[in-house]
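4 is the number of the first residue of the sequence shown in our numbering; add one for each residue after it. Don't be surprised by glycine CBs; every beta carbon is placed ideally from N, CA and C.
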Amino acid sequence: MNKILLAEDDNDMRRFLVRALQNAGHEVVSYDNGLSAYHRLREEPFELLLTDIVMPEMDGIELARRATELDPDIKVMFITGFAAVALNPDSQAPKDAKVLSKPFHLKDLVNEVDKLLKAA
């Protein structure tokens, strides 16, 4: 079972994502802000960081940057309505991070997560 850390500030979206990923057989720990997610990353390893970009306290790009400093092998996927920000080379987002633009179907998210984790 893969461990996924989810950081998403929208409560409804976070609940839907957790349920979909758990139904697909993943272990999911979720937070509503980047700073709390970062503190959890410092406590234990995860295979995947799934994060929104625009969040309070610490945005997803900063969270991803810090996550890859802690664990260079962690996979990163951004879920965002602001894909251009993540794809901007000046954003300092991890180079191999996957970006899934909102809105998306939950099955597409699960498929992308599974593909990313299998590439490990």
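Fill in: Under the three-state DSSP convention, the category K101 falls into
strand
Fill in: Buried versus exposed, by CB contacts within 10 Å (16 or more), L46
The question names Leu, but residue 46 in the sequence shown is Glu. E46 should be labelled exposed.
Item to complete: Specify the secondary structure class of M16 as computed by DSSP and reduced to three states.
Response: helix
Discussion item. Could you compute how far the alpha carbon of K121 sits from the alpha carbon of A27?
Written reply: 14 Å
Item to complete: Alpha carbon to alpha carbon, how far is K98 from S33? Give it in angstroms, no decimals.
Response: 24 Å
Practice prompt. Would you list the residues sitting across from E60 in a DSSP beta bridge?
Written response: DSSP, once it has assigned bridges, lists no residue as partnering E60.
Discussion item. What does the alpha-carbon distance come out to for the pair L109 and L20?
Written reply: 7 Å
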